[in-house]
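When we follow our numbering, the leftmost residue of the sequence shown carries the number 1044, and every step to the right adds one.
From the three backbone atoms N, C-alpha and C, an ideal C-beta is built for every residue, glycine too.
Worksheet: the structure to be examined is printed underneath.
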Amino acid sequence: MVEMVNRPYAGAFEAHAAGNPEILCLSGDLTSSCEIDGFRDRHPEQFLSLGMAEQNMMSFAGGLALAGFRPFIHTFGVFMYRRPYDQLMASVAYPRRRVRLMGFLPGITTPGGMTHQAIEDIAVMRSIPNMTILETGDATEVEGICAAADSIDGPVWCRVLRGSVPRLFSTPLKVGQMRVLSEGSDILVVTAGITTEEALRARAALARAGVSIRHLHLSTIKPFDAAQLLDHIGSVRHGVITLENHVTEGGIGSLVAETMADAGAGRRLIRLGLRDTYAHGGSRPYLMRYYGLDALALVGAIETLMGRSFGIGEADLDGARVEDVHSLVKAEAL
């Protein structure tokens, strides 16, 4: 039985920041939705509310970092880069300020539709010089994201899960290291964030069908260990599949494709993710099934690479542990 952890970020941030006056908690008017309301109440001297003015918040954070503070900005991911992009570039990335950008509701973890779903943020952040990118995939990684981000001498973009989050891993997130979850020899599967659980759901059924899966989980997306990935690609027979909570352009699918092309690694690659589309509103399981981001979509891609059908259906998969990502105090579930 997988443990579910309620609001892991709330406790993790307070444990990391409390009593450290160099760390400041900035909120973009989504304090309870980003699980920092308790920190605000207990540590008001380290808390600043900048309101619904993300451009100002970004420049303000750059100034705080210049003055020697380490600001953690909290808001939904979409509001962290779409609105204040110029300020993000000029005040944070270009001068390489130690600003920690904690972006909640990555991809389709929200039913809020296009306005609330950060589906192209990795593509944007990968193109920005000096930017580190981290993504959480379970409660353990959420619990470690603050310390990991704060170890970076420069700006850090973090995709943070909230609410009730399953614990999949027993060891903390380590910057620059990918997790090797299985070492099979047929197919290499590369996942990040919530798609890792979907790959785990399919693993037992695929094993019963005689498929040997090598599975990598990425929590550090930039910088990226290309040499390690190439070693894994060389260890499988039939090719590579990436599965991500993001558009297929510019995310981990593109990252893997670029690594393979640069090295001349002639293997087949299937990239699963949002395919040149915005997602509409709906529950996470529905959206993952509708847009082909779930365990069955992965099984279908493996069948394509191996040229055979396994007859695996939903009933053959392990059960999903879908977290409740929404605030209990807001009717609009945001």
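The beta carbon of Phe-1090 sits closer than 6 angstroms to those of Cys-1068 and Arg-1083, all from its chain and outside the five residues before and after it, given in chain order. With 16 or more other Cβ atoms from the protein chains shown falling within 10 Å of its own Cβ, Ala-1344 counts as buried. Residues of the same chain with a CB within less than 7 angstroms of the CB of Arg-1310, apart from the 5 flanking positions on each side, are Ile-1276, Gly-1282, Val-1283 and Met-1303 in chain order. About 7 angstroms separates the Cβ atoms of Gly-1146 and Trp-1200, confirming a contact at the 8 angstroms cut-off. Looking at the DSSP output, Glu-1178 shares a beta bridge with Arg-1202. Secondary structure of Asn-1049 (DSSP, three-state): strand. Of the residues assessed, Met-1123 falls on the buried side of the cut-off, its CB having 16 or more other CB atoms within 10 angstroms. If you compare the alpha carbons of Glu-1240, Val-1233, Ala-1322 and Thr-1320 with that of Ile-1295, the shortest gap goes to Val-1233. The DSSP-derived three-state label of His-1159 is coil. In this structure Arg-1202 touches Gly-1120 by the C-beta definition: roughly 7 angstroms separates them, less than 8 angstroms.
With a minimum length of 3 residues, the unbroken runs of beta strand (DSSP E) contained wholly in the segment 1179–1244 fall at 1199–1203, 1207–1209, 1222–1226 and 1230–1235. When C-alpha distances from Leu-1148 are compared across Gly-1062, Ala-1191, Asp-1274 and Thr-1158, the shortest belongs to Thr-1158.
Membership of Ser-1092 in the beta strand (DSSP E) is indicated by the continuous run 1090–1092. A direct Cα-to-Cα measurement between Pro-1172 and Tyr-1137 gives close to 7 angstroms.
Short of 6 angstroms from the beta carbon of Val-1254, and not among the five residues preceding or following it, lie these beta carbons of its own chain, in chain order: Asp-1229.
In the three-state scheme derived from DSSP, where H, G and I count as helix and E and B as strand, Glu-1346 is classed as helix. Annotation for Glu-1241: Asp-1337 and Ala-1338 place their beta carbon closer than 6 angstroms to its own, counting only its chain and skipping 5 residues before and after. When C-alpha distances from Val-1048 are compared across Glu-1186, Ala-1306, Leu-1273 and Ala-1060, the shortest belongs to Glu-1186. Within 10 angstroms of the beta-carbon of Pro-1198 lie 16 or more other beta-carbons, which makes it buried. Classified as buried, Pro-1127 has 16 or more neighbouring CB atoms from the shown chains inside 10 Å of its CB. Between Ile-1176 and Leu-1249, the gap from beta carbon to beta carbon reaches 9 angstroms or more. If you draw a straight line from the Cα of Ala-1192 to the Cα of Leu-1317, it comes to about 27 angstroms.
Secondary structure remark: continuous alpha helix (DSSP H) runs of at least 4 residues inside the segment 1075–1119, in chain order: 1080–1085 and 1097–1109. One thing to note: Cys-1189 has its Cβ within 9 angstroms of the Cβ of Ala-1060.
Counting every other CB atom within 10 Å of its CB across the protein chains shown gives Pro-1064 a total below 16, marking it as exposed. Ranked by Cα distance from Gly-1227, the options Gly-1219, Ala-1055 and Arg-1257 are led by Arg-1257.
Tyr-1321 sits exposed, since fewer than 16 C-beta atoms from the chains shown fall within 10 Å of its C-beta. Rounded to whole angstroms, Gly-1081 and Ala-1053 show a C-alpha spacing of 7 angstroms. Looking at Ser-1170, Val-1290 and Ser-1076, the one whose alpha-carbon comes closest to that of Arg-1314 is Val-1290.
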